[in-house]
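Asker: Per our numbering, numbering through the sequence shown is continuous, rising by one, with the last residue being 480.
One structure follows; several queries about it will come next.
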Amino acid sequence: MNPSGPAQGRLVGVDVARCLALLGMVATHVLLTRDADGDLAVSHSLAGGRASALFAVLAGVSIALLTGAGDPVRGRERAARSAGLVARALLVGLLGLMLAALDSGLAIILTYYAVLFVLALPFLGLGARRLFLLAAGWALLVPVASQWLRPRLPERGYASPSFEQLRDPGGLLSELLLTGYYPALPWLAYLLLGLAIGRLDLRRRVVPVALAVGGAVLAVVASAVSDVLTSREDVARALLLDPPPLGPAGSGAELLELVRGGMYGTTPDTSWAWLLVRAPHSATPFDLVQTAGSAMLVLGCCLVLAASLPAVARRALAILCGAGAMSLTLYSLHVAMRSDLLWPAEEPGSFRSHVLVLGAVGALYAARGTRGPLESVAGAVAGATAAAVRALPARSARRAHEVGERGYVPAMDTGKNDDSQGQVSEVASMANAGEEIDPSDAVAGAPDHSSGGDRADEGTQGPDAPPRHGVPEESNESSR
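So, in structure tokens, the structure goes:
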């Protein structure tokens, strides 16, 4: 139950953004990367690298709202919610390892996603300004550190992280943090950006507009600067000396066109010139900034759209985009549908089937006001874990606080609570009152106070191609 006040509405715009990200992910998984003429397909031009980045940004928004939105929780309450987040991360990581056992041909993001949740813990007490600055610095500097470190790390594999890799924890950790499809350390820039956005007052109409405009500027500037730098002859020569395993290229222009279809999480590490490209899933500074800007643009536009609708139309939109409210479940269903376990067959024409199934299931759950099954399990385990921490005796809490001060666990001394738990979706029944925000699906949003009412991916096709990328997501319940 919510100890601090009545339930608030769900921010529909966030669900719409997550639904678009889910459909974009499905498109990059199912549709061909290039058309018959060899040009990059429109679906990949629009969604390549951007769908998964949007999910990661939304996850940061969700975590911010879970931990107090603009007024971060302190003390024991922060420790409780952090513990719940860790429990959720363990479940999401376990699910990712299980999905990797399916022969889906996709690069499963959930294990990387779980690591991102844990990496977010030290930053939960920061405000929006510091988080925006930290996200910017992280996106610029961590890829440089990665380029220097990766030659010193174990060689990566091209399968999704699996149970078998638990026998080699060092190799698995380096893959999850730096060398894999969704390297968590560079990708933390997305989560930090989402945390910063979630610390803003999303109820103010000017905030979504500023997000959309600022995101568009970031995306355009990053793309333009990267294009100018990579068009230089010396840069082209450096890139051609160490091309990625994507196919033959006789010139710098041909190579850049080739990588526009997407890379496998990182760039070649022998030339610093690779840090100048903006290829999807390359984790370069220009890739991170460009896709982060695109995520801000999409989220801002979705928030503006939902806020401009009357209550009836907003509820219809919430049901239509209900897949965005249970994306952890539907992502898992999508992965299973890409395997031999479930219909349909793996072919470009199955895109319509995926969209219809995921959309229908999401709309049904949204109309009934119920959570997805995986979201319910994750929320229950996280809630029980948080409650156990709140029930710890004061002495244990003080000790945990001391450890937290050294950076191992969140501080746990007495502190304020906020009301980020127990909020009810405007499409949920009262039976769901008291459910806590579920970032394992992906993100939460602030209350919608608009007038009129009360809320892998990319990869080459073919049997020998490395897995394609993918992503998850769900909750969007208000925190204030």
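Glycine included, C-beta positions come from ideal geometry on N, C-alpha and C.
Since this is a predicted model, take the numbers as computed values, not measurements.
When you compare the CB of leucine 102 with every CB in chain D, is at least one pair closer than 9 Å?
Answerer: Looking at the structure shown, chain D is missing, and only one protein chain is on hand.
Asker: Closest by CA to alanine 27, which one among Gly49, Val16, Ala36 and Asp37?
Answerer: Residue numbering aside, residue 27 sits at position 27 when the sequence shown is read from its first letter. Measuring from the Cα of alanine 27, the nearest candidate turns out to be Gly49.
Asker: Could you check what DSSP says for arginine 199 in three-state terms: helix, strand or coil?
Answerer: As a working note, residue 199 is residue 199 in the sequence shown. Of the three classes helix, strand and coil, the one that applies to arginine 199 here is coil, per DSSP.
Asker: Quick check on DSSP: helix, strand or coil for leucine 481?
Answerer: Since the first residue of the chain shown is 1 and the last is 480, residue 481 is not available in this structure.
Asker: For the putative contact between leucine 99 and leucine 110, defined by C-beta atoms under 8 Å, what is the C-beta separation to the nearest angstrom?
Answerer: By 1-based counting over the sequence shown, the position of residue 99 is 99. By 1-based counting over the sequence shown, the position of residue 110 is 110. Between leucine 110 and leucine 99 the Cβ distance is about 7 Å, and since that is below 8 Å, they are a contact.
Asker: Using 8 Å as the cut-off, can you tell me whether the region 151-171 makes contact with the region 193-212, which would need three or more C-beta pairs spanning the two stretches below that distance?
Answerer: With the cut-off at 8 Å, the region 151-171 and the region 193-212 do not touch.
Asker: Looking only at its own chain, which residues have a Cβ that is under 7 Å from the Cβ of glycine 171, when we skip the five neighbours before and after it?
Answerer: Here residue 171 refers to the residue found at position 171 of the sequence shown. Once the five neighbours on either side are set aside, the close Cβ partners of glycine 171 are Pro154 and Gln165.
Asker: Ordered along the chain, which non-local residues of its own chain (more than five positions away) have a Cβ less than 7 Å from that of threonine 179?
Answerer: Numbered from 1 along the sequence shown, position 179 holds the residue referred to as residue 179. So the list reads Arg150, Leu153, Arg156 and Thr266, once near-sequence residues are dropped.
Asker: Leaving out the 5 sequence neighbours to the left and right, which residues in its chain are closer than 6 Å to serine 353 when beta-carbon positions are compared?
Answerer: Position 353 of the sequence shown, counting from 1, holds the residue named residue 353. Excluding positions up to five away in sequence, the list reads Pro344.
Asker: As an exercise, report each continuous alpha helix (DSSP H) stretch of at least 4 residues that is fully enclosed by the region 102-181, in chain order.
Answerer: Entirely contained in the region 102-181, the alpha helix (DSSP H) runs reaching 4 residues are, in chain order, 110-119, 128-149 and 169-174.
Asker: Hey, which unbroken runs of the alpha helix (DSSP H) at 4 residues or more fall wholly within the region 49-89?
Answerer: The qualifying runs are 50-66.
Asker: May I have the straight-line CA-CA distance separating valine 221 from proline 186, to the nearest angstrom?
Answerer: In the sequence shown, the residue the question calls residue 221 occupies position 221. In the sequence shown, the residue the question calls residue 186 occupies position 186. Each residue's Cα considered, the two are about 20 Å apart.
Asker: Give the DSSP-derived three-state secondary structure of arginine 352 in the structure shown.
Answerer: By 1-based counting over the sequence shown, the position of residue 352 is 352. Of the three classes helix, strand and coil, the one that applies to arginine 352 here is helix, per DSSP.
Asker: Quick check: the Cα distance between leucine 134 and leucine 341, rounded to an integer number of angstroms?
Answerer: Start at 1 with the first residue of the sequence shown, and residue 134 comes out as number 134. Start at 1 with the first residue of the sequence shown, and residue 341 comes out as number 341. Approximately 43 Å between the Cα atoms of the pair.
Asker: Mind checking tryptophan 138: buried by the 16 CB within 10 Å criterion, or exposed?
Answerer: Here residue 138 corresponds to residue number 138 of the sequence shown, with the count starting at 1. It is buried - the Cβ of tryptophan 138 has at least 16 other Cβ atoms within 10 Å.
Asker: Is it buried or exposed for valine 42, if we count other Cβ within 10 angstroms and need 16 for buried?
Answerer: Locating residue 42 in the sequence shown gives position 42, where the first residue counts as 1. Answer is exposed; the Cβ neighbour count stays below 16.
Asker: Per DSSP, what kind of secondary structure is arginine 18 in: helix, strand or coil?
Answerer: Numbered from 1 along the sequence shown, position 18 holds the residue referred to as residue 18. Arginine 18 falls in the helix class under three-state DSSP.
Asker: With a Cβ-Cβ cutoff of 9 Å, do leucine 258 and phenylalanine 163 count as a contact?
Answerer: As a working mapping, residue 258 is identified with position 258 in the sequence shown. As a working mapping, residue 163 is identified with position 163 in the sequence shown. Taking 9 Å as the Cβ cut-off, leucine 258 and phenylalanine 163 do not qualify as a contacting pair.
Asker: Tell whether a beta-carbon distance below 9 Å holds between glycine 251 and alanine 236.
Answerer: Position 251 of the sequence shown, counted from the start, is the residue given in the question as residue 251. Position 236 of the sequence shown, counted from the start, is the residue given in the question as residue 236. Reading off the sequence shown, one finds serine at residue 251, where the question assumed glycine. Yes, the Cβ-Cβ distance between serine 251 and alanine 236 is below 9 Å.
Asker: Taking the alpha helix (DSSP H) that glycine 383 falls in, what are its first and last residues?
Answerer: The sequence position of residue 383 within the sequence shown is 383, counting from 1. Here the alpha helix (DSSP H) through glycine 383 covers 373-390.
Asker: What residue range is occupied by the uninterrupted alpha helix (DSSP H) comprising threonine 291?
Answerer: Position 291 of the sequence shown, counting from 1, holds the residue named residue 291. Threonine 291 -> alpha helix (DSSP H) spans 285-308.
Asker: For the alpha helix (DSSP H) containing histidine 334, name the first residue and the last one.
Answerer: Reading the sequence shown from its first residue, position 334 is the one you call residue 334. From DSSP, the alpha helix (DSSP H) with histidine 334 extends over 327-337.
Asker: To the nearest angstrom, report how far apart tyrosine 264 and tryptophan 148 are at their CA atoms.
Answerer: Here residue 264 is taken as the residue at index 264 of the sequence shown, counted from 1. Here residue 148 is taken as the residue at index 148 of the sequence shown, counted from 1. Looking at the two C-alpha atoms, the distance is approximately 18 Å.
Asker: Can you find the residues in the same chain that come closer than 6 Å, C-beta to C-beta, to leucine 131, ignoring five residues on each side of it along the sequence?
Answerer: Mapped onto the sequence shown, residue 131 falls at position 131. Result list for leucine 131: Leu192, Leu195 and Ala196, in chain order.
Asker: Can you tell me where the alpha helix (DSSP H) holding aspartate 234 begins and where it ends?
Answerer: Sequence index remark: in the sequence shown, residue 234 carries index 234 (1-based). First-last of the alpha helix (DSSP H) with aspartate 234: 233-241.
Asker: For arginine 314, does the three-state DSSP call read helix, strand or coil?
Answerer: The count along the sequence shown starts at 1 and reaches residue 314 at position 314. If DSSP states are grouped into helix, strand and coil, arginine 314 belongs with the helices.
Asker: Let me confirm a value: leucine 483 is counted as buried when at least 16 other C-beta atoms fall within 10 Å, else exposed. Which label applies?
Answerer: Here the chain has residues from 1 to 480 only, and residue 483 is not among them.
Asker: Buried or exposed: where does alanine 101 fall if 16 or more other Cβ atoms within 10 Å of its Cβ makes it buried?
Answerer: One-based indexing of the sequence shown puts residue 101 at position 101. Alanine 101 should be labelled exposed.
Asker: Taking just the CA atoms, how far does phenylalanine 55 sit from alanine 21?
Answerer: Along the sequence shown, read from residue 1 onward, the residue named residue 21 stands at position 21. Along the sequence shown, read from residue 1 onward, the residue named residue 55 stands at position 55. Roughly 7 Å separates the two Cα atoms.
Asker: Give the DSSP-derived three-state secondary structure of arginine 368 in the structure shown.
Answerer: For this step, residue 368 is matched to residue 368 along the sequence shown. Helix.
Asker: Looking at the secondary structure, which residues open and close the alpha helix (DSSP H) in which valine 220 lies?
Answerer: Numbered from its first residue, the sequence shown carries residue 220 at position 220. Segment 206-230, the alpha helix (DSSP H) holding valine 220.
Asker: Kindly list the residues whose CB is nearer than 7 Å to the CB of valine 298, restricted to its own chain and excluding five residues on each side of it in sequence; keep chain order.
Answerer: Here residue 298 is taken as the residue at index 298 of the sequence shown, counted from 1. Excluding positions up to five away in sequence, the list reads Ala17, Leu20 and Leu54.
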